[in-house]
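In the numbering used here, the protein residues as written are 7 to 218. For glycine and all other residues, C-beta sits at the position ideal for the given N, C-alpha and C. Predicted, not measured: the structure shown is a model, and the values here were computed from it. Working notes for the structure below.
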């Protein structure tokens with residue numbers, strides 16, 4: 007892949023459906039806890055559409071666009087952790103999803119450990135690259151572009167929950183450092199351990215970096 011084959015830009019309102027379709031497809035097939043718990047692509051897309059509106063209005067998400075076709079081949083979603091979560095999120099029925107419960111635990115810990123205010127904390131929460139464009143460094147470019155954009159907009163700290171070795175490696179290369187681990191083996195939800203069969207990954211790792 008030549009650098010000229012794609013370009014990074016801030017996501018726009020007209021990108022939302024295409025971006026949500028890509029992220030939902032990739033996460034439903036590749037994200038270990040989503041696969042094990044059968045977190046459906048349709049429900050993930052509903053989640054992305056709602057958070058996507060917020061992130062796009064905040065100008066914090068980045069898309070990778072093919073210069074040849076104009077198609078979105080990758081996306082990183084981020085939002086202001088200090089601003090209110092859209093109320094429509096309650097309509098999706100996420101209370102039954104162990105993936106969301108596990109992420110919520112880490113986010114609750116993060117809130118308890120920091121004074122969360124608007125405009126300071128950039129939450130990077132989903133990175134996806136189309137299968138045809140994987141392993142070409144696009145995810146790394148996306149995260150770097152996202153952090154650079156967040157810094158330009160005045161954010162001081164970025165954090166993320168990385169679910170597998172690939173996303174953890176990408177985050178570490180971008181300067182993120184581990185602050186807390188929630189292991190798949192030990193996590194309990196509604197009286198069971200939904201992720202204990204995930205043997206080749208440690209768990210969600212909460213990671214953060216200062217933006218300069």
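- A contact between stretches requires three or more CB pairs, one per stretch, nearer than 8 Å, and the stretch 36 to 47 fails this requirement with the stretch 59 to 74.
- Assignment of residue 210 by DSSP, reduced to helix, strand and coil, places it in the strand class.
- With three or more CB-CB distances shorter than 8 Å, the stretch 78 to 85 counts as touching the stretch 10 to 28.
- Within the same chain, 56 come within 7 Å of residue 94 by CB-CB distance, once the 5 residues on both sides are set aside.
- By the neighbour-count definition (other C-beta atoms within 10 Å, threshold 16), residue 199 is an exposed residue.
- A distance below 8 Å separates the beta carbons of residue 112 and residue 188.
- For residue 135, the enclosing beta strand (DSSP E) covers residues 127 to 135.
- Beta-bridge partners assigned by DSSP to residue 13: 71.
- Put simply, the backbone Cα of residue 83 is about 21 Å away from that of residue 73.
- As the crow flies, the alpha-carbon of residue 206 is around 23 Å from that of residue 136.
- Look at residue 156 here: in three-state DSSP terms it is helix.
- Put simply, the backbone Cα of residue 62 is about 11 Å away from that of residue 54.
- Residue nearest to residue 22 within the set 41, 52, 40, 32 is 52 (criterion: CA-CA distance).
- In the DSSP assignment, the residues bridged to residue 80 are 70, 135.
- Three or more beta-carbon pairs drawn from the stretch 210 to 218 and the stretch 179 to 188 are found closer than 8 Å, and the two stretches are therefore classed as touching.
- In the three-state reduction of the DSSP assignment, residue 163 falls in the strand class.
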